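Down below is the structure, laid out as structure tokens.
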Amino acid sequence: MPFFTQVGEVPRKRHTVFRQPDGTLFWEELIGEDGFSGDTSLLYHRNPPSALTSIEAVTTTDEELVPNNPIRPLHLTPHDLPAKGDAVLDRVLLLGNDDVRISYAVATTDSTFYKNSVGDELAYVESGSGVFESTFGRLEVNEGDYVIVPTSTIHRWVVPDGIELRLYFVQATGHIDPPQRYLSPRGQFLEGTPYCELDIRRPTELVLGEGENVPVVVRTRTGLSRHVHQHHPLDVVGWHGGMYPWSFNIDDFEPITGRLHQPPPMHQILEAPGFVMCNFVPRLLDYHPEAVPIPPFHSNVDSDEVLFYAKGTANTRRGTAVGLGSITVHPAGFIHGPHPGNVERTLGAKRAEEYQVMVDTHRPLLISAAALRCSDPDYVYTWSAPQDQRPEENEHGA
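Just so you know, the sequence shown maps onto residues 1 to 398 in the UniProt record's numbering.
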């Protein structure tokens with residue numbers, strides 16, 4: 001994030017002598033982006049953070065991805081996938097390419113400690129509650145939260161007994177940041193942006209883990225490994241800097257509306273190398289007296305579009321099986337838009353009541369075997385249904 005934060009005990013100046021009560025030195029860990037020319041943070045450990053007792057290979061579930069060929073739109077129902085428990089080891093890969101991996105997990109137990117050394121991760125909390133614990137401290141998470149996890153942050157998901165924490169993961173191969181156009185040259189959110197610093201939550205309470213021989217699963221570009229740390233990796237007594245986990249809630253996004261249709265960039269929340277993210281939230285619909293208040297048929301010629309239907313209604317998809325928890329994939333090369341009858345149904349509507357999380361990729365997405373198992377084979381034909389609404393029959397008297 002573009003602003004400095006300090007938590008816990010830190011020395012007066014960085015890279016200076018900082019002693020523990022027994023007289024030994026605290027151990028500095030400098031974590032930074034872009035060869036330490038970007039955002040950095042300094043963490044102060046009670047023990048050396050690189051002391052390992054073993055390194056092991058990790059056998060993963062099937063992560064093979066295949067081309068979407070023949071090209072077709074997809075409707076995925078991840079709620080139909082079996083829930084296994086661990087948000088790290090049991091998350092299910094659905095879609096991906098060299099820039100992004102999209103996964104789904106139903107966490108019912110505390111997860112394994114995890115470090116993604118490939119890129120930042122975003123988790124959207126579809127439902128449930130829990131705690132995100134990391135070397136930077138703790139963040140409470142609840143329905144509707146976005147949690148952005150910087151590259152190489154050791155963390156885990158803590159789930160209360162009896163809770164299902166449903167998480168939608170978007171993993172980058174670079175850094176996930178607010179759109180540059182939202183920020184001043186010094187990194188402050190500008191006036192008129194749909195969210196700002198007041199909406200962002202950061203760790204303010206350290207975890208201070210205890211114990212030895214703690215396993216941490218590490219993702220690299222070649223797969224997963226397990227590093228067993230001699231000392232607990234969450235033994236940090238303080239840190240300062242501008243690189244750390246942060247979160248905000250989808251309800252804190254202030255939608256930009258207009259008299260006529262507003263394109264997806266008006267709904268953007270984040271950007272990363274190879275993709276952008278938007279969300280659609282409850283809002284006033286277009287208020288020109290002759291406005292068509294839902295998107296036209298469109299073809300984003302440079303992107304595959306992925307929509308996660310998190311909450312509320314999806315007026316453009318009425319008449320199909322798309323519902324809460326659905327994921328639609330509309331690839332470049334496929335023209336998509338409202339399903340039959342929905343344009344007439346929505347004429348005169350004043351509000352949208354939806355929560356949708358969108359990923360637009362810059363390169364084609366590949367598909368996993370799990371995605372194919374929860375895919376609706378008839379979705380591609382749902383635009384071929386007869387037009388079942390005449391103008392005088394729309395729901396709003398238009």
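Don't be surprised by glycine CBs; every beta carbon is placed ideally from N, CA and C. Just so you know, these numbers come straight off a predicted model, no measurement behind them.
For Phe26 and His45, the rounded distance between their alpha carbons: Along the sequence shown, read from residue 1 onward, the residue named residue 45 stands at position 45. Along the sequence shown, read from residue 1 onward, the residue named residue 26 stands at position 26. Approximately 6 angstroms, taken between the alpha carbons.
Exposure of Gly397, with buried meaning 16 or more beta-carbon neighbours within 10 Å: Looking up residue 397 in the sequence shown gives position 397. Low local confidence applies: a pLDDT of 37 at Gly397 is under 50, so the model's placement there is unreliable, with the coordinate-based value given in what follows. Exposed, because fewer than 16 other Cβ atoms sit within 10 Å of the Cβ of Gly397.
Rounded C-beta distance between Pro73 and Val380? I'm assuming under 8 angstroms. Locating residue 73 in the sequence shown gives position 73, counting from the first residue. Locating residue 380 in the sequence shown gives position 380, counting from the first residue. With a Cβ gap of about 6 angstroms, Pro73 and Val380 count as contacting.
Length at least 4, wholly inside the UniProt domain "Homogentisate 1,2-dioxygenase N-terminal" (109-249): the alpha helix (DSSP H) runs in chain order: For the UniProt domain "Homogentisate 1,2-dioxygenase N-terminal" (109-249), not a single whole alpha helix (DSSP H) run of length 4 or above is found.
Bridge partners of Ala272, per DSSP? As a working note, residue 272 is residue 272 in the sequence shown. Bridge partners of Ala272: Phe275.
Identify whether Ala352 lies in helix, strand or coil by the three-state DSSP scheme. By 1-based counting over the sequence shown, the position of residue 352 is 352. Of the three classes helix, strand and coil, the one that applies to Ala352 here is strand, per DSSP.
Excluding the 5 residues preceding and the 5 following Ile163 in the sequence, name in chain order all residues of the same chain whose CB lies nearer than 7 angstroms to its CB. On the sequence shown, residue 163 is found 163 positions in, with the first residue counted as 1. Closer than 7 angstroms at Cβ, skipping near neighbours: Gly128, Ser129, Gly130.
Considering only C-alpha positions, which residue in the set Ile367, Glu205, Asn68 is nearest to Pro245? On the sequence shown, residue 245 is found 245 positions in, with the first residue counted as 1. Glu205 is the residue among Ile367, Glu205, Asn68 whose C-alpha sits nearest the C-alpha of Pro245.
Would you check if the distance between the CB atom of Gly144 and the CB atom of Ile71 is smaller than 7 angstroms? Position 144 of the sequence shown, counted from the start, is the residue given in the question as residue 144. Position 71 of the sequence shown, counted from the start, is the residue given in the question as residue 71. No, the pair does not count as a contact, with Cβ atoms beyond the cut-off.
Between the Cα of Glu140 and those of Ile200, Leu183, Ile176, spot the shortest distance and give me the residue it belongs to. Taking the first residue of the sequence shown as position 1, residue 140 is located at position 140. Among Ile200, Leu183, Ile176, the Cα nearest to that of Glu140 belongs to Ile200.
Tell me which residues share the same chain as Arg221 and place their Cβ nearer than 6 angstroms to its Cβ, disregarding the 5 neighbours each side in the sequence. Numbered from 1 along the sequence shown, position 221 holds the residue referred to as residue 221. Here the set comprises Val118.
For the ligand SAH, is there any heavy atom lying closer than 6 angstroms to the beta carbon of His261? The ligand content of the structure shown is nil, which means the ligand SAH is not present either.
Among residues of its own chain, excluding the 5 on either side of Glu9, which ones have a beta-carbon nearer than 6 angstroms to its beta-carbon? Here residue 9 refers to the residue found at position 9 of the sequence shown. Once the five neighbours on either side are set aside, the close Cβ partners of Glu9 are Val237, Gly238.
Strand pairing of Thr5, partner residues [DSSP]: Taking the sequence shown and counting its residues from 1, one reaches residue 5 at position 5. BP columns for Thr5 point to Gly241.
For Asp177, does the count of other Cβ atoms within 10 angstroms reach 16, so buried, or fall short, so exposed? In the sequence shown, the residue the question calls residue 177 occupies position 177. So Asp177 counts as buried.
Just tell me which of Asp39, Ser50, Pro21, Asp22 has its CA closest to the CA of Glu28. The residue you call residue 28 lines up with position 28 of the sequence shown. Relative to Glu28, the option among Asp39, Ser50, Pro21, Asp22 whose CA is nearest is Ser50.
Reducing DSSP to helix, strand and coil, say where Glu393 ends up. Within the sequence shown, numbered from 1, the residue matching residue 393 stands at position 393. Residue placement at Glu393 cannot be trusted, given a pLDDT of 43 that sits under 50; what the coordinates show is reported in the next sentence. Residue state, collapsed to three classes: helix.
Residue of Asn97, Ile148, Leu43, Pro160 minimising C-alpha distance to Gly85: Numbered from its first residue, the sequence shown carries residue 85 at position 85. Of all alpha-carbon atoms in Asn97, Ile148, Leu43, Pro160, the one lying nearest the alpha-carbon of Gly85 is that of Pro160.
Out of Asp376, Phe4, Glu121, Arg373, point me to the one whose CA is closest to Gln188's CA. Your numbering for residue 188 matches position 188 in the sequence shown. Among Asp376, Phe4, Glu121, Arg373, the Cα nearest to that of Gln188 belongs to Phe4.
Please name the residue, chosen from Thr108, His362, Gly96, Ala272, that lies closest to Leu167 on a Cα-to-Cα basis. Position 167 of the sequence shown, counting from 1, holds the residue named residue 167. The shortest C-alpha separation from Leu167 is found at Thr108.
Any chance the stretch 291-304 sits against the stretch 254-265, with 3 or more Cβ pairs inside 8 angstroms? yes
Checking the sheet assignment: what are the DSSP bridge partners for Phe280? Locating residue 280 in the sequence shown gives position 280, where the first residue counts as 1. Its beta-bridge partners are Gln356.
For Val7, which option in Asp376, Gly242, Tyr195, Val58 has the closest C-alpha, if you only look at C-alpha atoms? Taking the sequence shown and counting its residues from 1, one reaches residue 7 at position 7. Val7 has its Cα closest to that of Gly242, out of Asp376, Gly242, Tyr195, Val58.
Which parts of the stretch 8-69 are runs of the beta strand (DSSP E), unbroken and 3 residues or longer, counting only runs that do not cross its ends? Within the stretch 8-69, complete beta strand (DSSP E) segments of at least 3 residues are found at 27-32, 40-45, 52-57, 65-67, given in chain order.
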